[in-house]
Amino acid sequence: MKKQAPVLIGTRREVFWDDDLIEQTDAVLTQHQLQDRGVAMVCDAPWEGSSCTYPVVIRDRHVIRLYYKAGHFNITAEPEPDTPLTGPMVICCAESYDDGRTFQKPDYAIYSYAGNRRNNIILMRDETIRNTDNF
403 MKKQAPVLIG TRREVFWDDD LIEQTDAVLT QHQLQDRGVA MVCDAPWEGS
453 SCTYPVVIRD RHVIRLYYKA GHFNITAEPE PDTPLTGPMV ICCAESYDDG
503 RTFQKPDYAI YSYAGNRRNN IILMRDETIR NTDNF
């Protein structure tokens, strides 16, 4: 095998994802091993329905907020891509004060769900809407 000329990177920083810039090494690439740290949050509220999806995590100083879409889907059938949900779609927010290890669902009292304002809904549409890939 013909040796390639050295690649001059100068002072440019390089990440060694592969062996493209390295002729030889005895280093071994390994992935982090999965560590079960318990459950961070359970999606079991009535307004969360059968699906909690598309999480977005944002750190805001001392709190980490988890925004997610929740809704009631017909999980017994294979719906077409434009099939309406079987219940209202809501956007919810949960908060973590322990660096994301666990999340609590505060009672924001913004929207009423089934006659109760004690929920973490931050956006709700009155009508049943079509499924989307994000919010």
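Under the numbering used here, the first residue of the sequence shown is numbered 403, with each subsequent residue one higher.
All C-beta atoms in this analysis are idealised placements derived from N, C-alpha and C, irrespective of residue type, glycine included.
Residue environment, residue i, which counts as buried when at least 16 other CB atoms sit within 10 Å
| i | result |
| --- | --- |
| residue 418 | exposed |
| residue 424 | exposed |
| residue 450 | buried |
| residue 470 | buried |
Rounded straight-line distance, which links the Cα of residue j to that of residue i
| i | j | result |
| --- | --- | --- |
| residue 438 | residue 430 | 24 Å |
| residue 520 | residue 427 | 58 Å |
| residue 512 | residue 467 | 17 Å |
| residue 433 | residue 420 | 14 Å |
| residue 475 | residue 457 | 17 Å |
| residue 499 | residue 464 | 7 Å |
| residue 411 | residue 405 | 18 Å |
| residue 517 | residue 461 | 32 Å |
| residue 436 | residue 413 | 36 Å |
| residue 441 | residue 490 | 26 Å |
| residue 459 | residue 409 | 39 Å |
Contacting residues, own chain, Cβ-Cβ under 7 Å from residue i (five flanking each side not counted)
| i | result |
| --- | --- |
| residue 506 | 496, 497 |
| residue 398 | Given that the chain is displayed from residue 403 to residue 537, the structure contains no residue 398 and the question cannot be resolved. |
As assigned by DSSP and simplified to three states, the class of residue i
| i | result |
| --- | --- |
| residue 457 | strand |
| residue 497 | strand |
Cut-off 6 Å between Cβ atoms - residues of its own chain near residue i, not counting five sequence neighbours on either side
| i | result |
| --- | --- |
| residue 525 | 493 |
| residue 443 | 496, 505 |
| residue 502 | 466 |
| residue 453 | 473, 475 |
Residue i: first and last residue of the uninterrupted beta strand (DSSP E) it sits in
| i | result |
| --- | --- |
| residue 467 | 465–473 |
| residue 423 | Looking at the DSSP string, residue 423 is not in any beta strand (DSSP E), and its letter there is neither H nor E. |
| residue 524 | 523–526 |
Same chain, Cβ closer than 8 Å to residue i, five either side skipped, listed in chain order
| i | result |
| --- | --- |
| residue 523 | 449, 492, 493, 494, 510, 512, 513, 515 |
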